[in-house]
Amino acid sequence: MATSSANLEMVGQVDPSRDTVNALVSAIRSGDDVACQTQIASLLMLERSVMANALWASNDLASCINEAIVTGSSTAVLKWAFDLVACKERSLTDFVMQFVPALSWIFLLKHQSPTPSTGAGIVLMALCKTASSSGTFEDRFSLENALPDMSIPSIYHKPVAGDKAAPLTANLLRAHDLRHTSKPSGEVDPTAVFDASAVGSLQLVRTALARFIATVSRLPAMAVANYCILSARLCGAVPSDVPSEAAIGWDARIGDCTLSIESFATADLELVLVRGLAHAVTVDSCRSVAEFALRALHDKATRNLSQSVLLATSGLIESIHHDI
46 MATSSANLEM VGQVDPSRDT VNALVSAIRS GDDVACQTQI ASLLMLERSV
96 MANALWASND LASCINEAIV TGSSTAVLKW AFDLVACKER SLTDFVMQFV
146 PALSWIFLLK HQSPTPSTGA GIVLMALCKT ASSSGTFEDR FSLENALPDM
196 SIPSIYHKPV AGDKAAPLTA NLLRAHDLRH TSKPSGEVDP TAVFDASAVG
246 SLQLVRTALA RFIATVSRLP AMAVANYCIL SARLCGAVPS DVPSEAAIGW
296 DARIGDCTLS IESFATADLE LVLVRGLAHA VTVDSCRSVA EFALRALHDK
346 ATRNLSQSVL LATSGLIESI HHDI
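When we follow this note's numbering, the leftmost residue of the sequence shown carries the number 46, and every step to the right adds one.
Shown next, in the form of structure tokens:
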């Protein structure tokens, strides 16, 4: 697992908190959230540098946290991730940053299901520094992705036809195709049913992924591979298509869950994905899954006639073959 030189130095140190981290790994694997809280509380009592040493030194903790995020098995882990970001210690923020792909996937999945999301969005907001500096995880939890007042007509949506007293709800919106339609002139059709909160959610994910890319050189290879898998899945790839050597952790656990990504598709997001994949192709252990993600993105851009994305992906794919 590759980390930055600074993090490698920390990993090389002997850390007496190793047993606490091992106990936390066991608690996450067993789904015991109370035990997770106990071990997390012990870690938070340590000096930040000592805690960072212990987290980066573990071979199993990151994969366990990824699994907890995608299965929703531990609210305590998400709250802890939020608290680690609040510490404003780069090594701790980097530790949380490696989970952005899994957090982004679960965060977007909420638009495909009536089931409320976990605190994934709260952690993403913290990483993007959009959360209140004084707000706690609990404060933010109830505010996560609040929908706009759907009883008020706007260019984004219209009240339910024939019943002015019944505003559109999140569940009703999810029952529709959330893609906005455009007139030939490019003007947004004011009669289209469109979930404005989906736009805000996509902007948050795009910002979080941009932050992830800015720190990716300091992150482990597993985080890069997860980013590639996220990119491919957002472009419609299914688990059976993913290269076997890249069938890791969180992607295997989400199974056949899919996103109607056409509902979220924007060239801006896709260009951000390309930027991250440009780094991923330089990581030997991620090269095959990075190329797979690039091809999925290229195919999607072909379907959508997205010229800027087509040019970017074509150039990267050509460079890979040239290097070979």
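Cβ coordinates follow ideal geometry from the N, Cα and C atoms, glycine included.
DSSP state of residue i mapped onto helix, strand, coil
i, result
"LEU350", "coil"
"PHE144", "coil"
"THR116", "helix"
"THR83", "helix"
"THR358", "helix"
"GLU92", "coil"
"CYS331", "helix"
"LEU342", "helix"
"GLY164", "coil"
"LYS133", "coil"
"LYS124", "helix"
"LEU314", "helix"
"ALA68", "helix"
"ASN104", "coil"
"CYS173", "coil"
"LEU264", "coil"
"LEU62", "First, the residue type needs correcting, since residue 62 is Ser and not Leu in the sequence shown. Here SER62 sits in coil by DSSP."
"VAL250", "helix"
"VAL370", "Outside the modelled stretch of the chain, which goes from 46 to 369, sits residue 370, for which no answer is possible."
Span separating the alpha-carbon of residue i from that of residue j
i, j, result
"ARG332", "SER103", "25 Å"
"ILE110", "GLY117", "10 Å"
"HIS343", "GLU92", "46 Å"
"ALA270", "LEU69", "24 Å"
"PRO146", "VAL326", "17 Å"
"ILE274", "LEU350", "23 Å"
"ILE365", "VAL130", "36 Å"
"TRP150", "ASP64", "31 Å"
"VAL79", "ALA107", "19 Å"
"ALA171", "PHE257", "13 Å"
"ALA335", "ALA282", "13 Å"
"GLN84", "PHE337", "39 Å"
"CYS81", "LEU148", "19 Å"
"LEU314", "VAL115", "21 Å"
"THR252", "ARG135", "18 Å"
"VAL66", "ALA126", "14 Å"
"ALA341", "PHE144", "22 Å"
"TYR272", "SER62", "30 Å"
"CYS173", "CYS280", "24 Å"
Buried versus exposed call for residue i [16 or more other C-beta atoms within 10 Å across all chains shown]
i, result
"ALA268", "buried"
"MET90", "exposed"
"ARG278", "buried"
"GLY166", "buried"
"THR347", "exposed"
"VAL168", "buried"
"LYS345", "buried"
"ALA86", "exposed"
"SER276", "buried"
Beta-carbon proximity list for residue i, same chain, < 6 Å, skipping 5 on both sides
i, result
"THR120", "none"
"ILE362", "LEU339"
"LEU254", "VAL317"
"ASP105", "VAL70"
"ARG320", "ILE258"
Cβ-heavy atom distance, residue i to the ligand GDP, below 7 Å
i, result
"GLY166", "With respect to the ligand GDP, the structure offers nothing, as it holds no ligand at all."
Residues of its chain near residue i, where Cβ-Cβ distance is below 7 Å and the 5 sequence neighbours each way are ignored
i, result
"ALA113", "ILE73, SER119, VAL122"
"LEU316", "SER353, VAL354, ALA357"
"GLY360", "none"
"LYS133", "none"
"THR260", "ASP139, MET142"
Close Cβ partners of residue i (< 8 Å) along its chain, the five nearest in sequence each way excluded
i, result
"LEU137", "ARG93, MET96, ALA97, LEU100, LEU129, VAL130"
"GLY76", "SER118, SER119"
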